[in-house]
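Input: a single structure, listed below in structure tokens.
Protein chains: 2
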Amino acid sequence: MKKIDILKKLRSSGLRPTKQRVEIAKFLFEREKTFHFTVESLNKFFTKKSASKIALATIYNTVHAFKTAGHLSEVEVRGNKTYFDTNVSNHHHFYDSDTSELIDIDVNDIIIQKIPKAPNGKKIKNVEVFINLKN
Amino acid sequence: MKKIDILKKLRSSGLRPTKQRVEIAKFLFEREKTFHFTVESLNKFFTKKSASKIALATIYNTVHAFKTAGHLSEVEVRGNKTYFDTNVSNHHHFYDSDTSELIDIDVNDIIIQKIPKAPNGKKIKNVEVFINLKN
DNA sequence: TTTCACTTTAGAATAATTATAAACTAAGAT
DNA sequence: ATCTTAGTTTATAATTATTCTAAAGTGAAA
Numbered sequence: 001m002k003k004i005d006i007l008k009k010l011r012s013s014g015l016r017p018t019k020q021r022v023e024i025a026k027f028l029f030e031r032e033k034t035f036h037f038t039v040e041s042l043n044k045f046f047t048k049k050s051a052s053k054i055a056l057a058t059i060y061n062t063v064h065a066f067k068t069a070g071h072l073s074e075v076e077v078r079g080n081k082t083y084f085d086t087n088v089s090n091h092h093h094f095y096d097s098d099t100s101e102l103i104d105i106d107v108n109d110i111i112i113q114k115i116p117k118a119p120n121g122k123k124i125k126n127v128e129v130f131i132n133l134k135n
Numbered sequence: 136m137k138k139i140d141i142l143k144k145l146r147s148s149g150l151r152p153t154k155q156r157v158e159i160a161k162f163l164f165e166r167e168k169t170f171h172f173t174v175e176s177l178n179k180f181f182t183k184k185s186a187s188k189i190a191l192a193t194i195y196n197t198v199h200a201f202k203t204a205g206h207l208s209e210v211e212v213r214g215n216k217t218y219f220d221t222n223v224s225n226h227h228h229f230y231d232s233d234t235s236e237l238i239d240i241d242v243n244d245i246i247i248q249k250i251p252k253a254p255n256g257k258k259i260k261n262v263e264v265f266i267n268l269k270n
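So the protein lines, in turn, are chains A and B.
For the first sequence, the positions run 1 to 135 when our numbering is used.
For the second sequence, the positions run 136 to 270 when our numbering is used.
Written as structure tokens, this is what we have:
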């Protein structure tokens, strides 16, 4: 994803393209493959890449802003840290608790044949399949 | 589940049946249906039922001991609090984020037709289907 | 009953996240 | 180009969930 597209992406979702947001967006979206991260890992990256330290609060703000705008999705993983995913399409996950590693599963690689009806006046928003791995 | 069974349940899993553990176990397991709770809700119950205040640390200890013994399972729900489930059989969940309510789905009510192979030398430990609800 | 490893407890410590409020800045108006 | 201001960033404090600590308490085997 090119710089111009990053600016477009931000502006089109009502986010002013500040220096910090552009930097974070470049890091997250200027790559071939989607990936998973935590606020901690993002922060570590920007701390080490000390040329441009971004405040931790800004990283939280930005990640949440991106999530609200639909540019990131949140993945639930047992444990305390919150994982984010730059893959915002509907998909599933393997989780390896040994390495704390998340692996995407294409939505077409899982077919659900039977599913229960949603309860009382509710509707199904989405279905997430989470496959825990062991050795 | 009767008192005698509770004592048996504790002892058979190597847990000394202390006053606190028995009280918590009675509250969790002496009921018809399985249910979901958080450490916070459990603690609230024992605080109000002031006859027998149990230390918060004890509630954490006990819940984890029960989980390790296989008497409770942990459910992953987006957000910060950890949910536990007295239903330790293999099953799935509806989650209503409006009310933060979890609803069990019997394992037989979901049939998965196609599932990907586990990656590199890993095996599938279990498959959890999480259905998010909306209005 | 004595003993001791296992437990409970209050409170401190840690960790992830959110709130605060002062300083800063993108971008439309002048 | 400069001014203005609402939206942002920042350091720091606050909050929340959970774990740690170490002292006091207690089942249960001998």
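Even glycine gets a Cβ: it sits at the ideal position worked out from N, Cα and C.
Short Cβ contact (8 Å threshold) for residue i with residue j
i                      : j                      : result
residue 95 of chain A  : residue 107 of chain A : no
residue 133 of chain A : residue 259 of chain B : yes
residue 114 of chain A : residue 245 of chain B : yes
residue 40 of chain A  : residue 81 of chain A  : yes
residue 247 of chain B : residue 112 of chain A : yes
Distance, residue j Cα to residue i Cα
i                      : j                      : result
residue 37 of chain A  : residue 73 of chain A  : 11 Å
residue 239 of chain B : residue 121 of chain A : 17 Å
residue 58 of chain A  : residue 20 of chain A  : 8 Å
residue 118 of chain A : residue 224 of chain B : 21 Å
residue 86 of chain A  : residue 190 of chain B : 42 Å
residue 163 of chain B : residue 233 of chain B : 25 Å
residue 187 of chain B : residue 75 of chain A  : 39 Å
residue 170 of chain B : residue 49 of chain A  : 48 Å
residue 33 of chain A  : residue 166 of chain B : 49 Å
residue 205 of chain B : residue 100 of chain A : 22 Å
residue 13 of chain A  : residue 79 of chain A  : 31 Å
residue 135 of chain A : residue 18 of chain A  : 45 Å
Status (buried if at least 16 other CB within 10 Å, exposed otherwise) for residue i
i                      : result
residue 43 of chain A  : buried
residue 84 of chain A  : buried
residue 181 of chain B : buried
8 Å contact criterion, which residue i and residue j should meet: CB distance rounded
i                      : j                     : result
residue 102 of chain A : residue 91 of chain A : So it is not a contact: roughly 11 Å between Cβ atoms.
With a cut-off of 8 Å, do at least 3 Cβ pairs link the stretch 245-264 of chain B to the stretch 143-158 of chain B?
no
Is it the case that the stretch 61-72 of chain A contacts the stretch 24-31 of chain A, given that we only count it when at least three CB pairs across the two stretches are under 8 Å?
yes
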